[in-house]
Amino acid sequence: MNRFEDGLERSLFASRWLLAPMYVGLLAGLVIVALKFFGELWHLIDDFSMEQSADEVTVAVLSLIDIALLGNLILIVIFAGYENFVSKIKVAEDSEDRPSWMGTVDFSGLKMKLIGSLVAISVILLLKDFVAAADPAKQLDYEAVAWRIGLHFTFVISGLLFAVMDYWGAKRQALLLETKLKAKGLNPDTLTDEADVSTADAR
Numbered sequence: 001m002n003r004f005e006d007g008l009e010r011s012l013f014a015s016r017w018l019l020a021p022m023y024v025g026l027l028a029g030l031v032i033v034a035l036k037f038f039g040e041l042w043h044l045i046d047d048f049s050m051e052q053s054a055d056e057v058t059v060a061v062l063s064l065i066d067i068a069l070l071g072n073l074i075l076i077v078i079f080a081g082y083e084n085f086v087s088k089i090k091v092a093e094d095s096e097d098r099p100s101w102m103g104t105v106d107f108s109g110l111k112m113k114l115i116g117s118l119v120a121i122s123v124i125l126l127l128k129d130f131v132a133a134a135d136p137a138k139q140l141d142y143e144a145v146a147w148r149i150g151l152h153f154t155f156v157i158s159g160l161l162f163a164v165m166d167y168w169g170a171k172r173q174a175l176l177l178e179t180k181l182k183a184k185g186l187n188p189d190t191l192t193d194e195a196d197v198s199t200a201d202a203r
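End of the sequence shown = 203 in full-length UniProt numbering, gap-free, step of one.
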């Protein structure tokens with residue numbers, strides 16, 4: 001029975017590698033996004049003239065920012081998702097170019113970064129609509145704009161709800177840890193850092 005249980009647990013633990021091809025697929029998606037970015041940049045440069053209005057240039061630049069934010073979002077999911085659910089990225093541990101947030105974003109932090117990126121992208125889309133509305137030659141689809149505004153507020157409210165849930169979850173964990181420490185006769189106020197807390201909690 002123990003051998004069967006051990007084999008089952010090993011299989012379940014190894015199943016996390018099924019996620020690795022998905023992150024490789026996202027990497028391919030990031031390459032496509034990069035190609036799209038340079039395509040938009042080429043169109044911006046090729047179509048540029050001094051007769052262009054500032055609004056047209058603004059919309060084109062906002063499109064580039066929109067694509068760049070999407071690239072950031074994909075990269076966050078790849079790095080944080082791989083490190084949280086598959087394995088540590090050891091080659092980046094001693095690298096000077098390692099992003100400061102790598103290794104520090106847990107599942108809760110990943111959710112907040114995702115929703116923050118989605119809010120930023122929706123803001124860019126709304127800014128493009130706002131700039132386009134100033135051009136009388138362009139016909140604005142107000143129904144689509146209304147949907148974008150609704151989605152933007154949905155993302156904002158979702159982010160606030162996630163933040164509240166994370167806050168109460170962290171507070172609950174802190175109370176549980178404090179209860180454990182007091183049960184062991186330790187004073188939480190005398191523990192100076194996380195190492196002391198984790199050592200005391202492991203006793």
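The beta-carbon is built from N, C-alpha and C at its ideal position, and this holds for glycine as well.
Minimum C-alpha distance to residue i - residue among the options
i, options, result
"A80", "V57, F155, D94, F107", "F107"
"K111", "K128, V77, K138, V86", "V77"
"I67", "L160, L35, L126", "L35"
"G169", "S100, D47, G109", "G109"
Inter-residue spacing [alpha-carbon to alpha-carbon] between residue i and residue j
i, j, result
"D135", "E56", "9 Å"
"residue 277", "E51", "In this structure the chain extends from 1 to 203, so residue 277 is not present and cannot be described."
"L64", "L70", "10 Å"
"V164", "L114", "16 Å"
"V119", "F155", "6 Å"
"V145", "L62", "16 Å"
"I157", "Y167", "15 Å"
"F130", "F153", "16 Å"
"A183", "E5", "34 Å"
"A202", "L27", "Low local confidence applies: a pLDDT of 49 at A202 is under 50, so the model's placement there is unreliable, and no value is given."
"A14", "M22", "15 Å"
"A92", "E9", "29 Å"
"L12", "S117", "32 Å"
"S53", "L44", "13 Å"
"E194", "M102", "With a pLDDT of 49 at E194, under the threshold of 50, the modelled position of that residue is not reliable, and the figure given next carries that caveat. Cα to Cα, E194 sits roughly 19 Å from M102."
"D46", "E143", "32 Å"
"T7", "W17", "Inspection of the sequence shows that residue 7 is occupied by Gly rather than by Thr. So the two alpha carbons sit approximately 16 Å from each other."
"F48", "L30", "27 Å"
"L177", "L160", "26 Å"
"A174", "L126", "40 Å"
For residue j and residue i, believed in contact at Cβ under 8 Å, the rounded distance
i, j, result
"S122", "R148", "7 Å"
"I74", "V24", "12 Å between Cβ atoms; not a contact."
"residue 213", "A20", "In the structure as shown, the chain starts at 1 and stops at 203, and residue 213 therefore has no counterpart that could be examined."
"V59", "K128", "5 Å"
"I89", "E96", "Actually they do not touch by this definition, with Cβ atoms about 15 Å apart."
Proximal residues to residue i (C-beta, below 6 Å), its chain only, five neighbours per side dropped
i, result
"K138", "A132"
"F37", "I67"
"I124", "L62, I65, D66"
Beta-carbon proximity list for residue i, same chain, < 8 Å, skipping 5 on both sides
i, result
"E40", "A60, S63, L64, I67"
Contact set for residue i: own chain, Cβ-Cβ below 7 Å, skip 5 residues either direction
i, result
"L151", "S122"
"N72", "S117"
"T179", "none"
Length-filtered (4 minimum) alpha helix (DSSP H) runs lying within the region 119-189 = The alpha helix (DSSP H) runs of length 4 or more contained entirely in the region 119-189 are, from start to end of the chain, 142-183.
Runs of alpha helix (DSSP H) wholly within the region 40-102 (minimum 4 residues, chain order) | Whole alpha helix (DSSP H) segments, 4+ residues: 54-85.
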